[in-house]
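*Asks:*
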């Protein structure tokens, strides 16, 4: 019995010590220790942030740091890099500046270039055997096509307080044979500016004659009506003085003055 009581007393003492240890408070940190933990946590978060560039130097780059006497109050730490590591700077300096004089502006009604060296868009289409001309017609409507009762799912509607500007172009096959045309694969971008204002994006629609997605076969000499649609405010639609149509492709950016 005596041995059992001794064993019970020992176990009781151990449990008391363990329970006391669980109740200890977290030790207080000094300001310097707290700062170290904060900096480490911030660096760890930035390490996995994709928007934060790495602080590691690119492979092969060398940085030399001049020795500074710690006892010299006027000493300045200077970092230098070898002069041979300037390839990227030279490449950037050799890129010519692009000014407004480099942009070709084509008067569609006359087919003549009014600025720049050439009409890149016209040349681009000529290589394909087709021509693209403004028909002289544009519409300001609430929906297009208007009164489309046959297939209402392929009707574009303007949002409340806005109108649709629908610009009509003629796409003509100038070759001597039938031609399959797919405007969706040309990777062209179109913008519209009214009265010299900001450019507006041309909408992508499900219409068969959409300028961005038209696909069809044109017979020799055949012309197809192609439309470019953008949404404008009612005030803009009521006061259209000029229309500038911008076409951008690989290596050219042409502005057509339609009106």
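Numbering (the numbering used here), first residue to last: 852 to 1110. C-beta: ideal position from N, C-alpha, C; glycine also.
(1) Quick check on residue 1079: buried or exposed, where buried means 16 or more other Cβ atoms within 10 Å of its Cβ?
(2) By Cβ distance, which residues of its chain are closer than 7 Å to residue 1013, with the 5 residues on each side in sequence left out?
(3) Buried or exposed: where does residue 1125 fall if 16 or more other Cβ atoms within 10 Å of its Cβ makes it buried?
(4) Going by DSSP, which residues form a beta bridge with residue 1021?
(5) Closest by CA to residue 1032, which one among 1015, 1062, 1056?
(6) Give me, in chain order, the residues of the same chain whose beta-carbon lies closer than 7 Å to that of residue 1026; leave out the 5 immediate sequence neighbours on both sides.
(7) Put residue 1095 into one of helix, strand or coil per three-state DSSP.
(8) Could you give the residue range of the beta strand (DSSP E) that holds residue 1061?
(9) Name the DSSP beta bridge partners of residue 990, please?
(10) Inspect the beta-carbon positions of residue 1034 and residue 1065 and report whether they are closer than 8 Å.
(11) Considering just the uninterrupted stretch of the beta strand (DSSP E) at residue 1031, what are its terminal residues?
(12) From this set, 1024, 1059, 993, which residue's C-alpha is nearest residue 1011's C-alpha?
(13) Spell out the partners DSSP gives residue 978 in its beta bridges.
*Replies:* Taking the structure as given:
(1) Position 228 of the chain shown, counted from the start, is the residue given in the question as residue 1079. The residue is buried, with at least 16 neighbouring Cβ atoms inside 10 Å.
(2) Taking the chain shown and counting its residues from 1, the one referred to as residue 1013 is at position 162. So the list reads 1082, 1083, 1084, 1085, once near-sequence residues are dropped.
(3) Residue 1125 falls outside the range modelled here, since the chain spans only 852 to 1110, and no answer is possible.
(4) Position 170 of the chain shown, counted from the start, is the residue given in the question as residue 1021. DSSP lists 984, 1076 as partners of residue 1021.
(5) As a working mapping, residue 1032 is identified with position 181 in the chain shown. Ranked by Cα distance from residue 1032, the options 1015, 1062, 1056 are led by 1062.
(6) As a working mapping, residue 1026 is identified with position 175 in the chain shown. Non-local C-beta neighbours of residue 1026 in its own chain, meaning closer than 7 Å and more than five positions away in sequence, comprise 980, 1071, ordered along the chain.
(7) Within the chain shown, numbered from 1, the residue matching residue 1095 stands at position 244. In the displayed model, residue 1095 falls within a strand according to three-state DSSP.
(8) The residue given as residue 1061 occupies position 210 in the chain shown. Element bounds for residue 1061: n/a, residue is neither H nor E.
(9) Along the chain shown, one-based indexing puts residue 990 at 139. Looking at the DSSP assignment, residue 990 forms a beta bridge with 1017.
(10) Translated into positions along the chain shown, residue 1034 becomes position 183. Translated into positions along the chain shown, residue 1065 becomes position 214. Result yes, Cβ atoms of residue 1034 and residue 1065 sit closer than 8 Å.
(11) As a working mapping, residue 1031 is identified with position 180 in the chain shown. 1030-1033 is the extent of the beta strand (DSSP E) around residue 1031.
(12) By one-based count along the chain shown, residue 1011 stands at place 160. The shortest Cα separation from residue 1011 among 1024, 1059, 993 belongs to 993.
(13) As a first step, residue 978 is located in the chain shown; it is residue number 127 there, counting from the start. Looking at the DSSP output, residue 978 bridges to nothing.
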